[in-house]
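K.L.:
Take the sequence shown: its letter number 46 is residue 51 in my numbering, and every next letter is one higher. Ideal Cβ placement from N, Cα and C applies to all residues, glycine included. Dropping the structure in here first, questions after.
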Amino acid sequence: MSAEFIEIITGTLKVLGVGLLLGAGLPLLFSIGMKLQDRGQGGEERDGTVIAAKPVARVGAWAIFAVVALVILYGLLFITKGSLDHYLGIQLPL
C-alpha cells in the first residue's frame, strides 16, 4: 500500500470518528441530561405513587447541559473564526 492511500484511510477514519462522536454522542448526552432532569424533579407516577425529588440528578443534568452547550459554542466559534477575524479583527486561538 502506498503512503498516500494510508493517509486517505486515516483521514477518513478521523472524520468518521468525529462524526459519530458529535452526531450521536451529543444527542445521547442531551437525552441522558433530560432523563436526569426528569428524575431530579420527582413528582407523581401514573399509578399514583409519589417520587421524591433528587437534587443530585438535577445538578448532573445541568452539568451535562453545560457540556453540550459548550461543545456547541466551540463548534460555532470554530466554524466562524475566519469571518470573525476578517470582519471584526477578533483572532481566536482555536
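1) I want to know whether the region 63-70 touches the region 37-50 - three or more CB-CB distances under 8 Å.
2) Indicate whether Leu34 and Val73 have their beta-carbon atoms separated by less than 8 Å.
3) At what residues does the alpha helix (DSSP H) containing Glu50 begin and finish?
4) Distance, Cα to Cα, Arg51 vs Ser36?
P.N.:
Based on what the coordinates show:
1) Yes, the region 63-70 is in contact with the region 37-50.
2) The residue you call residue 34 lines up with position 29 of the sequence shown. The residue you call residue 73 lines up with position 68 of the sequence shown. Cβ distance < 8 Å, so Leu34 and Val73 count as in contact.
3) Along the sequence shown, read from residue 1 onward, the residue named residue 50 stands at position 45. Glu50 -> no alpha helix (DSSP H), and no H or E assigned at all.
4) Position 46 of the sequence shown, counted from the start, is the residue given in the question as residue 51. Position 31 of the sequence shown, counted from the start, is the residue given in the question as residue 36. Cα-Cα distance, rounded: 22 Å.
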